[in-house]
Amino acid sequence: MKKEITIIGNGFASLFFIQYFLALPFFPFFTGFFRRLYSRYDITLIGNGNFTYFPAIPEFITRKKRTRDVCIDIRPFLRRRNIRFVEGAVTDIRDGGRTVIANGEAYKNDALFIGIGPAFLEDDIPGTKEHTFSPCNGPDEMETFMSRLESMNTGVIYLGFKLNRQDGFAAGRGGQMYECACLLDFALKERRGRDNFEIHFFSPDIEPGETGGITDRMRERGIILDYGYEPAEFVAGGMLDSDGAFRQADLVLYSPGITGSRLVRESCLSVSAGGQIDVDKYGQVKGLSNVFAAGDCASHENPPPWVPHQAHMAQFRSQAAAKNMQAVLKGTAPDRTYRYELSCILNMENDAMWLHMASDNKPPFWNLFPRHSKKLIGVKNMFERLYLFYLRYL
Ligand SMILES: Cc1cc2nc3c(=O)[nH]c(=O)nc-3n(C[C@H](O)[C@H](O)[C@H](O)COP(=O)(O)OP(=O)(O)OC[C@H]3O[C@@H](n4cnc5c(N)ncnc54)[C@H](O)[C@@H]3O)c2cc1C
1138 MKKEITIIGN
1148 GFASLFFIQY
1158 FLALPFFPFF
1168 TGFFRRLYSR
1178 YDITLIGNGN
1188 FTYFPAIPEF
1198 ITRKKRTRDV
1208 CIDIRPFLRR
1218 RNIRFVEGAV
1228 TDIRDGGRTV
1238 IANGEAYKND
1248 ALFIGIGPAF
1258 LEDDIPGTKE
1268 HTFSPCNGPD
1278 EMETFMSRLE
1288 SMNTGVIYLG
1298 FKLNRQDGFA
1308 AGRGGQMYEC
1318 ACLLDFALKE
1328 RRGRDNFEIH
1338 FFSPDIEPGE
1348 TGGITDRMRE
1358 RGIILDYGYE
1368 PAEFVAGGML
1378 DSDGAFRQAD
1388 LVLYSPGITG
1398 SRLVRESCLS
1408 VSAGGQIDVD
1418 KYGQVKGLSN
1428 VFAAGDCASH
1438 ENPPPWVPHQ
1448 AHMAQFRSQA
1458 AAKNMQAVLK
1468 GTAPDRTYRY
1478 ELSCILNMEN
1488 DAMWLHMASD
1498 NKPPFWNLFP
1508 RHSKKLIGVK
1518 NMFERLYLFY
1528 LRYL
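With positions in the sequence shown counted from 1, the corresponding number in my numbering is that position plus 1137.
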């Protein structure tokens, strides 16, 4: 009897999971035929069918990328792998993970992988939903932000982020917001309107005296650093400080701390202190059998405090989860763990930096690339093109 596998979500974590779970990583259309003839697993994926390449979203600000460049219909990728696709949102997980509910139907499995991505602490600062935009909410919201920006000739723009540190790591989107701030500076200079705008950068998670490469890049661009600042409330046209004072902010791009979604809280999954799916170092959901989670929806066991949620980390975690799921389905104990690494290229359009930190001090790509060079923008675009080519055709 073939084992029934259910995968929830079609973001980075789930697609990396599929890559490492199947015997082959690539399936040009003719090899899909062989998987149809022979496979040990019947796999069902439940999701919306639309993959979003989030790392390219900051480039909406320079108009180098639009929605069509970052969204992919993932169904052909799944068809090539003979994976059954169910369009829908999972509303419950029951029976210790063996039953998943979507569109009112129950889907049974022998093993479950959860890659449902993050939810954001939008109630943390009142007015976040009503008065701020976030690149983390996807391309449509970023397009709305850009329409608002392009209708302005002058004004005060605030960008910022907050982290959720309750699980002992940096659950939030710091690097991405720095990138947005530097790209905004570039875009306004291109419009020859930079002098008419004040750009502020705030975060209660950065010490006011913070120094370093990113801070230098922001200072070079005349970005006003409100490190240590947390608004008490976002209101129309600005923000309120804790003493009730009003600060003008004509446009706010803000990323709240990351937590788990309602599905995490309301199903049978174990929940971490920070509201995420509580997993062990093998990616197994604690207290459940044959249930794995990876990516932005899941916490870590004993993480280093600097590690963020990234597509890059989702890859390591999904790889371990895939190998461990194969092990438990064969009746052996899971033994694959994963490295911790922060690695991303900060694209400033007229400059770029490779931000990197690793639990084993390994450099990125054997130090083949410079850490600070405009040429890194080409490297970042190459990674993006390769990954999207893989999803579209292989
Ligand atoms: C602006 C921005 C820039 C970034 N830049 C980088 C970068 O340069 N490098 C990097 O490594 N990372 C970057 N990241 C982070 C990276 O995008 C995330 O870490 C990554 O998307 C996490 O993958 P995931 O699969 O966990 O979540 P997601 O990619 O968010 O995917 C979650 C999936 O689950 C689905 N889903 C959710 N709930 C349900 C449900 N109930 N039922 C069914 N399906 C559901 C969603 O539709 C989606 O398909 C960036 C993020 C943002 C927002």
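No residue lacks a Cβ here, since even glycine has one placed at the ideal position from N, Cα and C. Please read these numbers as outputs of a predicted model, since none were measured by experiment.
Any non-hydrogen atom of ligand 1 closer than 7 angstroms to residue i Cβ
{"i": "His1446", "result": "yes"}
{"i": "Leu1400", "result": "yes"}
{"i": "Gly1305", "result": "no"}
{"i": "Arg1310", "result": "yes"}
{"i": "Ala1226", "result": "yes"}
{"i": "Asp1415", "result": "no"}
{"i": "His1493", "result": "no"}
{"i": "His1437", "result": "no"}
{"i": "Phe1191", "result": "yes"}
{"i": "Ala1324", "result": "no"}
{"i": "Ala1451", "result": "yes"}
{"i": "Asp1488", "result": "no"}
{"i": "Pro1272", "result": "yes"}
{"i": "Gln1156", "result": "no"}
{"i": "Cys1405", "result": "no"}
{"i": "Pro1195", "result": "yes"}
{"i": "Asn1518", "result": "no"}
{"i": "Ile1209", "result": "no"}
{"i": "Pro1255", "result": "yes"}
{"i": "Ile1180", "result": "no"}
{"i": "Gly1432", "result": "yes"}
{"i": "Asn1219", "result": "no"}
{"i": "Gln1313", "result": "yes"}
{"i": "Gly1241", "result": "no"}
{"i": "Ile1395", "result": "no"}
{"i": "Cys1319", "result": "no"}
{"i": "Ile1145", "result": "yes"}
Check: residue i C-beta below 7 angstroms from any heavy atom of ligand 3
{"i": "Ser1151", "result": "This structure lacks ligand 3; its bound ligands are ligand 1."}
Same chain, Cβ closer than 6 angstroms to residue i, neighbours up to 5 away in sequence not counted
{"i": "Gly1085", "result": "Outside the shown range of the chain, which is 1138 to 1531, sits residue 1085, and nothing can be said about it."}
{"i": "Ser1480", "result": "His1449, His1493, Pro1501"}
{"i": "Phe1270", "result": "Glu1278, Phe1282, Leu1390"}
{"i": "Ile1144", "result": "Ser1151, Leu1182, Phe1250"}
Residue of the options minimising C-alpha distance to residue i
{"i": "Glu1521", "options": "Thr1189, Lys1266, Leu1161", "result": "Thr1189"}
{"i": "Tyr1391", "options": "Lys1202, Phe1257, Pro1501", "result": "Phe1257"}
{"i": "Tyr1530", "options": "Asp1210, Ile1180, Glu1280, Asn1185", "result": "Asp1210"}
{"i": "Glu1367", "options": "Arg1285, Glu1357, Thr1204, Pro1345", "result": "Pro1345"}
{"i": "Gly1312", "options": "Tyr1475, Lys1512, Met1490, Leu1513", "result": "Met1490"}
{"i": "Ala1459", "options": "Ile1180, Pro1165, Met1138", "result": "Ile1180"}
{"i": "Phe1371", "options": "Ser1379, Gly1365, Leu1286", "result": "Ser1379"}
{"i": "Ala1160", "options": "Ile1198, Arg1218, Asn1498, Asn1147", "result": "Arg1218"}
{"i": "Ser1496", "options": "Ile1514, Ser1510, Thr1474", "result": "Thr1474"}
{"i": "Lys1467", "options": "Tyr1477, Asn1498, Ser1455, Asn1427", "result": "Asn1427"}
{"i": "Gly1412", "options": "His1509, Gly1365, Asn1301", "result": "Asn1301"}
{"i": "Lys1418", "options": "Ser1404, Leu1425, Ala1410, Ser1436", "result": "Ser1436"}
{"i": "Arg1358", "options": "Ala1369, Lys1202, Glu1141, Glu1316", "result": "Glu1316"}
{"i": "Leu1525", "options": "Asp1472, Thr1143, Ala1193", "result": "Ala1193"}
{"i": "His1509", "options": "Ser1288, Asp1232, Gly1350, Phe1323", "result": "Gly1350"}
Neighbourhood of residue i by C-beta, 7 angstroms cutoff - its chain only, sequence neighbours within 5 removed
{"i": "Ala1239", "result": "Ile1183, Val1223, Gly1225, Ala1226, Val1227, Thr1228"}
{"i": "Val1516", "result": "Ile1482, Phe1506"}
{"i": "Asn1518", "result": "none"}
{"i": "Arg1235", "result": "Lys1245, Asn1246"}
{"i": "Leu1406", "result": "Ile1230, Ile1414, Val1422"}
{"i": "Asp1261", "result": "Lys1299, Pro1393, Gly1394"}
Buried or exposed by the 16-neighbour rule on C-beta atoms within 10 Å, applied to residue i
{"i": "Asn1290", "result": "exposed"}
{"i": "Glu1486", "result": "buried"}
{"i": "Pro1195", "result": "buried"}
{"i": "Pro1469", "result": "According to the sequence displayed, residue 1469 carries Thr and not Pro. When all chains shown are included, Thr1469 counts as exposed."}
{"i": "Glu1347", "result": "exposed"}
{"i": "Thr1265", "result": "buried"}
{"i": "Phe1175", "result": "Note that residue 1175 is Tyr in the sequence shown, not Phe. With fewer than 16 Cβ atoms within 10 Å of its Cβ, Tyr1175 is classed as exposed."}
{"i": "Leu1320", "result": "buried"}
{"i": "Leu1523", "result": "exposed"}
{"i": "Phe1163", "result": "exposed"}
{"i": "Gly1252", "result": "buried"}
{"i": "Arg1221", "result": "exposed"}
{"i": "Ala1150", "result": "buried"}
{"i": "Asp1304", "result": "buried"}
{"i": "Ser1146", "result": "The identity of residue 1146 in the sequence shown is Gly, whereas the question assumes Ser. The residue in question, Gly1146, is buried, as its Cβ has 16 or more Cβ neighbours within 10 Å."}
{"i": "Asn1461", "result": "buried"}
Residues near residue i by beta carbon distance below 8 angstroms, same chain, minus five either side
{"i": "Ile1335", "result": "Correcting the residue identity first, residue 1335 is Glu in this sequence and not Ile. Only Gly1292, Val1293, Ile1294, Ile1361 meet the Cβ criterion."}
{"i": "Leu1408", "result": "It should be noted that the sequence gives Val, not Leu, for residue 1408. The residues are Gly1397, Val1401, Arg1402, Ile1414, Asp1415."}
{"i": "Gln1463", "result": "Phe1158"}
{"i": "Cys1208", "result": "Asn1187, Phe1188, Thr1189, Tyr1190, Pro1276"}
| query | At which residue ranges does the region 1323-1360 contain complete alpha helix (DSSP H) runs of 4 or more residues, listed in the order of the chain? | reply | 1350-1357
| request: Jot down the residue ranges of each uninterrupted alpha helix (DSSP H) in the region 1210-1287, minimum 4 residues, whole runs only, in chain order. | output: 1212-1217, 1265-1268, 1276-1287
| query | What runs of the alpha helix (DSSP H), each 4 residues or longer, lie entirely inside the region 1141-1208? | reply | 1149-1158, 1166-1174, 1204-1207
| request: Just list the beta strand (DSSP E) runs in the region 1402-1446, keeping only unbroken ones of 3 residues or longer that don't cross its boundaries, in chain order. | output: Runs of the beta strand (DSSP E) inside the region 1402-1446: 1428-1430.
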